[in-house]
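Take a look at the structure set out below.
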Amino acid sequence: MDASRQDTEVDVVVIGLGPGGEHAATELARAGLSVVGVDRRLVGGECPYFGCIPSKMMIRAADALAEARRVPVLAGTSEVTPDWTQVADRIRAEATDDWDDRVAVERLEKSGARFVRGHARLAGPGRVVVATDDGEMSLSVRRGVVLNTGTEPAVPPIDGLADTPYWTNRDVVRVRELPTSLVVLGGGAIGCEIAQALSRFGVEVTVVEAGERILGPEEPEASVVVTAALEAEGITVRAGVGATTVAHDGAFAIGLQDGTSIAAQALLVAAGRRTNLSDIGLDSVGGDPSARTIETDERMRVAGVDGLWAIGDITGKGAFTHMSMYQANVAVRDLTGEDGPWADYRAVSRATFTDPEVGSVGMTEKQARDAGLRVGVGVAKLEESSRGWLHKAGSEGVIKVVADLDRDVLVGATAVGPSGGEIVGMLVTAVHAEVPLARLRTMHYAYPTFHRAIETALAALPPRVV
Ligand SMILES: Cc1cc2nc3c(=O)[nH]c(=O)nc-3n(C[C@H](O)[C@H](O)[C@H](O)COP(=O)(O)OP(=O)(O)OC[C@H]3O[C@@H](n4cnc5c(N)ncnc54)[C@H](O)[C@@H]3O)c2cc1C
Ligand SMILES: NC(=O)c1ccc[n+]([C@@H]2O[C@H](COP(=O)([O-])OP(=O)(O)OC[C@H]3O[C@@H](n4cnc5c(N)ncnc54)[C@H](O)[C@@H]3O)[C@@H](O)[C@H]2O)c1
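Each step along the sequence shown adds one to the number in UniProt numbering, with nothing skipped, and position 313 is 313.
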């Protein structure tokens, strides 16, 4: 069938069905709008098939190994024999259906939305063209287009790299046989999480980070603790040095800026993401196809373009699944005529699932100082808390709170340690709801919990400036 003759009229087209796009299409259809959702790959996007879910399955398994290896410190002896087959099988069977999105497509269609697989692009105001296997489909849009086109792995222009069989996150989640050695290029969230998981399965891992420290966007205290933890497990962390050459001749040889070279059986490129904005026809509506991110207002409307919304990683507000879903809800409220609440980014939270885990919310100390706030900082070491001392093996961590001393509220916080991403939860509430410091200092903190160290960090804050 030649689909080019079709010219379907719909209320909303969602281009890209990452977590936010899938959610928005579903909710808009449930609200009674006629919706077409388009994806050129898999419904659900990066998170369920190549990102959060398979990587966290690796991490869950790797953490079980690490915990078993801690038995000799606390409870006797243990013998651990890692088997990657279980992880590879679980990723196929439980997470990705072997990278088949049939269930997600059915779920979407059940909501009343129509799904089209193909590459979509804007073709002027109120018009979307989709290139499908059956030809071109033209859609005329009454209410609006929601962009949720997400990202691709960014591959740095390193001499020789493009010609080698390097991995990105999309390859490593499919690995059935682990290599004996691995270089991870990039010490961000992806690099650190995967490096530690594979190392715990016996792979010899080196992390190469061009920036001065791994987990650069987090507080420096978090980088210090995580670097020490990775190194204690035998991972080599080479921070402050970029790769200049890559060659492959059976094995990889990675040349670094300082003249040294690392040999490894596999190479994972985890050097950031490239947003999918260049090939979606932004110029046809007056947008900039060369932009790295797309500017949106508090309702997720694209600045300066009528009838266009954008959500998810492409908005540059935090490349997280929960951000994509949050923004989807905002866009749905706007498209269905609700009166907010609109997007608020004061208390964006995130968790990096290394062990120790890094949970954080709001501003770092540097961001708060750069914003001109009168900043106070309180720090407590987790291993010095009662729970940390009891926990013993694997108790390293830190709680850091960042206060605006003029307003007497927290504007940011970081919890590094066992379950750091869970501990930070109460601090997310404190930042979001602007709970006065006096209240936080005088509430109950159960003994002996990890979160009780928050009370110690708060006590270390300087007094309010009046
Ligand atoms: C290894 C890894 C681990 C991660 N772990 C976490 C985590 O633990 N927690 C967390 O919150 N986040 C995590 N993330 C980030 C998370 O995956 C993303 O933030 C999340 O997927 C949201 O992305 P998105 O909604 O912007 O779109 P994406 O998930 O990137 O999806 C975009 C979709 O748009 C489609 N598309 C693009 N262009 C077009 C077009 N022109 N036409 C049709 N379709 C198109 C793509 O095929 C894709 O399906 C991780 C990412 C990676 C890579
Ligand atoms: N737990 C989570 O929430 C989670 C987990 C993984 C990914 N993510 C999201 O996915 C996004 C992408 O993750 P990422 O880790 O790829 O990106 P990132 O931008 O966080 O980190 C990439 C790192 O690679 C380094 N780098 C860049 N070029 C390099 C080079 N040539 N040599 C050496 N180092 C180089 C950068 O300095 C940076 O530290 C993140 O922004 C994050 O929001 C979230």
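Every residue, glycine too, gets a C-beta built ideally from N, C-alpha and C.
Exercise. Name the residue from GLY76, MET58, GLN196 whose alpha carbon lies nearest to the alpha carbon of ASP355.
Key: Sequence index remark: in the sequence shown, residue 355 carries index 355 (1-based). The candidate whose alpha carbon is nearest that of ASP355 is GLN196.
Self-check item: Strand pairing of residue 493, partner residues [DSSP]
Solution: Outside the shown range of the chain, which is 1 to 466, sits residue 493, and nothing can be said about it.
Quiz item: Cα separation between CYS52 and LEU410?
Solution: Numbered from its first residue, the sequence shown carries residue 52 at position 52. Numbered from its first residue, the sequence shown carries residue 410 at position 410. The C-alpha of LEU410 is placed about 29 Å away from the C-alpha of CYS52.
Quiz item: Going by DSSP, which residues form a beta bridge with PRO153?
Solution: Here residue 153 is taken as the residue at index 153 of the sequence shown, counted from 1. DSSP lists ARG273 as partners of PRO153.
Practice problem: With DSSP as the reference, label VAL226 as helix, strand or coil. | Solution: By 1-based counting over the sequence shown, the position of residue 226 is 226. Residue state, collapsed to three classes: helix.
Quiz item: Nearest CA to the CA of VAL10: which residue from ARG92, ALA25, ALA303?
Solution: The residue given as residue 10 occupies position 10 in the sequence shown. Nearest C-alpha to VAL10 among ARG92, ALA25, ALA303: ALA25.
Practice problem: Give the straight-line distance between the Cα atoms of LEU230 and THR236, rounded to the nearest whole angstrom. | Solution: Counting from 1 along the sequence shown, the entry for residue 230 is found at position 230. Counting from 1 along the sequence shown, the entry for residue 236 is found at position 236. For LEU230 and THR236, the distance between alpha carbons rounds to 8 Å.
Self-check item: Other residues of its chain near SER199: CB distance less than 7 Å, five sequence neighbours each side excluded
Solution: Translated into the one-based positions of the sequence shown, residue 199 becomes position 199. Same-chain partners within the cutoff: VAL205, GLU233, GLY234, ILE235.
Quiz item: Closest by CA to ALA239, which one among GLU212, LEU256, THR245?
Solution: Within the sequence shown, the letter at position 239 stands for residue 239. Of the candidates GLU212, LEU256, THR245, GLU212 places its Cα closest to the Cα of ALA239.
Self-check item: Neighbourhood of GLY112 by C-beta distance below 6 Å, restricted to the same chain and skipping five residues each side
Solution: Along the sequence shown, read from residue 1 onward, the residue named residue 112 stands at position 112. For GLY112, same chain residues with a beta-carbon under 6 Å away, outside a window of 5 residues either side, are ALA29 in chain order.
Quiz prompt | Whole-angstrom distance between VAL183 and ALA270, CA atom to CA atom | solution = One-based indexing of the sequence shown puts residue 270 at position 270. One-based indexing of the sequence shown puts residue 183 at position 183. Near 10 Å, if we compare the C-alpha coordinates of VAL183 and ALA270.
Practice problem: Label ARG60 either buried or exposed according to how many other C-beta atoms from any shown protein chain fall within 10 Å of its C-beta, with 16 as the threshold for buried. | Solution: On the sequence shown, position 60 is the one that residue 60 refers to. Counting Cβ neighbours within 10 Å, ARG60 comes out exposed, since fewer than 16 surround it.
Quiz item: Under three-state DSSP, which class holds LEU74?
Solution: Position 74 of the sequence shown holds residue 74. Reduced to three states, the DSSP call for LEU74 is helix.
Exercise. For LYS400, I'd like the list of residues in its chain whose CB is within less than 6 Å of its CB, leaving aside the five on either flank, ordered along the chain.
Key: The residue you call residue 400 lines up with position 400 of the sequence shown. Sequence-distant partners of LYS400 (beyond 5 residues in either direction) whose C-beta falls short of 6 Å from its own C-beta, in its chain, are GLU219, GLU221, VAL379, THR414.
Practice problem: Can you check DSSP and say which residues form a bridge with SER181? | Solution: As a working note, residue 181 is residue 181 in the sequence shown. In DSSP, SER181 forms a bridge with GLU204.
Quiz item: How is the alpha helix (DSSP H) around PHE252 delimited, first residue to last?
Solution: Taking the sequence shown and counting its residues from 1, one reaches residue 252 at position 252. Run containing PHE252: none in the alpha helix (DSSP H); it sits in the beta strand (DSSP E), 251 to 256.
Exercise. Please state whether DSSP places HIS444 in a helix, a strand or coil.
Key: Numbered from 1 along the sequence shown, position 444 holds the residue referred to as residue 444. If DSSP states are grouped into helix, strand and coil, HIS444 belongs with coil.
Quiz item: By Cβ distance, which residues of its chain are closer than 6 Å to GLY388, with the 5 residues on each side in sequence left out?
Solution: Taking the first residue of the sequence shown as 1, we reach residue 388 at position 388. These residues qualify, in order along the chain: LEU382, SER395.
Quiz item: According to the Cβ coordinates, are ALA343 and GLY362 closer than 7 Å?
Solution: As a working mapping, residue 343 is identified with position 343 in the sequence shown. As a working mapping, residue 362 is identified with position 362 in the sequence shown. Using a Cβ distance threshold of 7 Å, ALA343 and GLY362 do not count as a contacting pair.
Quiz item: Between THR151 and chain C, is there a C-beta pair that is closer than 7 Å?
Solution: As a matter of chain content, chain C is missing from the structure shown, which is built from one protein chain.
Exercise. State yes or no: is the C-beta of GLU193 within less than 7 Å of the C-beta of PHE353?
Key: Here the question's residue 193 lines up with position 193 in the sequence shown. Here the question's residue 353 lines up with position 353 in the sequence shown. Yes, the pair counts as a contact, with Cβ atoms nearer than the cut-off.
Quiz item: Near THR8, which residues of its chain fall below 6 Å by C-beta distance, leaving aside the five closest residues on each side in sequence?
Solution: Within the sequence shown, the letter at position 8 stands for residue 8. So the list reads LEU139, once near-sequence residues are dropped.
Quiz prompt | Enclosing alpha helix (DSSP H) for VAL145 [first to last residue] | solution = Taking the sequence shown and counting its residues from 1, one reaches residue 145 at position 145. For VAL145, there is no enclosing alpha helix (DSSP H); the residue is part of the beta strand (DSSP E) that begins and ends at 135 to 147.
Exercise. From the DSSP output, in three-state form, read off ALA451 for me.
Key: One-based indexing of the sequence shown puts residue 451 at position 451. Residue identity differs from the one stated: residue 451 is His in this sequence, not Ala. HIS451: coil per DSSP, three-state reduction.
Quiz prompt | Beta-carbon proximity list for GLY20, same chain, < 7 Å, skipping 5 on both sides | solution = To locate residue 20, count along the sequence shown from 1; it is residue 20. Excluding residues within five positions, the ones whose Cβ falls inside 7 Å are ASN148, ILE311, GLY312, SER324, MET325, GLN327, ALA328.
Quiz prompt | Inter-stretch contact (C-beta, 8 Å, three-pair minimum) for the segment 280 to 293 and the segment 106 to 124 | solution = In short, these stretches touch, since the Cβ pair count reaches three.
Quiz item: Who are the Cβ neighbours of ARG441 in its own chain at under 6 Å, not counting the five residues just before and after it?
Solution: Walking along the sequence shown from the start, residue 441 turns up at place 441. The beta carbon of ARG441 is closer than 6 Å to those of LEU458 in its chain, skipping five residues each way along the sequence.
Quiz item: Which whole-angstrom value is the C-beta distance of GLY376 and LEU461, which I expect to be below 8 Å?
Solution: For the purposes of this step, residue 376 is identified with residue 376 of the sequence shown, where counting begins at 1. For the purposes of this step, residue 461 is identified with residue 461 of the sequence shown, where counting begins at 1. With 8 Å as the limit, GLY376 and LEU461 qualify as a contact, their Cβ atoms being about 5 Å apart.
Quiz prompt | Option nearest MET426 by Cα separation, candidates GLY417, PRO418, ILE314, TYR445 | solution = For this step, residue 426 is matched to residue 426 along the sequence shown. With distances taken between Cα atoms, MET426 lies closest to TYR445.
Quiz item: Does ligand 2 have even one heavy atom less than 6 Å from the beta-carbon of ARG292?
Solution: Looking up residue 292 in the sequence shown gives position 292. No, since every heavy atom of ligand 2 falls outside the 6 Å radius drawn around the Cβ of ARG292.
Exercise. Name the one or two DSSP bridge partners that TRP309 has.
Key: Numbered from 1 along the sequence shown, position 309 holds the residue referred to as residue 309. According to DSSP, TRP309 bridges with VAL146, ARG301.
Self-check item: Endpoints, the beta strand (DSSP E) within which VAL285 is located
Solution: Position 285 of the sequence shown, counting from 1, holds the residue named residue 285. Membership of VAL285 in any beta strand (DSSP E) is not indicated, and neither H nor E is assigned to it by DSSP.
Quiz item: At a cut-off of 6 Å, is GLY307 close to ligand 2 when judged by its beta-carbon and the heavy atoms of the ligand?
Solution: Here residue 307 refers to the residue found at position 307 when the sequence shown is read from its first residue. Result no, Cβ not under 6 Å from ligand 2.
Self-check item: Residue span of the alpha helix (DSSP H) that contains SER55, given as start and end
Solution: By 1-based counting over the sequence shown, the position of residue 55 is 55. Where SER55 is concerned, the enclosing alpha helix (DSSP H) stretches over 52 to 69.
Quiz prompt | Per-residue burial, LYS110 [other beta carbons within 10 Å of its own, 16 or more giving buried] | solution = Counting from 1 along the sequence shown, the entry for residue 110 is found at position 110. That one is exposed.
Quiz item: Of the choices ALA104, LYS56, MET57, ARG69, whose alpha-carbon is the least far from that of LEU42?
Solution: Here residue 42 refers to the residue found at position 42 when the sequence shown is read from its first residue. When each option's Cα is compared against that of LEU42, the closest is ALA104.
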